[in-house]
Every structure is written in structure tokens, then in C-alpha cells.
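See below for the structure under consideration.
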Amino acid sequence: MESVRVLFHDGWGLVRASNTQLALVLRFESMTQERLGEIRSLVEKTLEDVKRKF
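Anchor point for the sequence shown: position 9 equals 10 in our numbering, and the numbering is continuous, going up by one each time.
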């Protein structure tokens, strides 16, 4: 698996491994800045929750 893309009715979030360094790359898109922030927060919180389990 190269990436995970989460689709919402008004935007999306993407998590993938960087091609150049040992890091995750996060990308987001939405119809409004407010919703963009909400999607970003949701994806980042989910990553933190997963990280705590490992």
C-alpha cells in the first residue's frame, strides 16, 4: 500500500510515505478553509491515535 486517501462529501485527506525522507506526507483539500482545518485535524488525530497503539 502506497497511500491512504479518506474521502468526505466536501473534501479529502491523503497520507503517504515520502519519496525522499523517512516521513509521512499529509495532503488535504476541501471546499472551504474551515472544513479544510476540520479534515486536517481529524486525519492528524487519527494518526496520533494509531501511533499510541504501537
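Even for Gly, the Cβ is constructed at its ideal location relative to N, Cα and C.
The model shown is predicted, which means the values in this text are computed figures rather than measured ones.
Unbroken beta strand (DSSP E) run spanning Ser31, endpoints | 25 to 31
Just grab the DSSP bridge partners of Arg6 for me.
-> Leu15
Whole-angstrom Cβ separation of Asp50 and Met32, contact assumed at under 8 Å?
-> Actually they do not touch by this definition, with Cβ atoms about 26 Å apart.
Determine, using beta carbons only, whether Val7 and Leu48 come nearer to each other than 8 Å.
-> no
Taking just the CA atoms, how far does Gln22 sit from Arg36?
-> 29 Å
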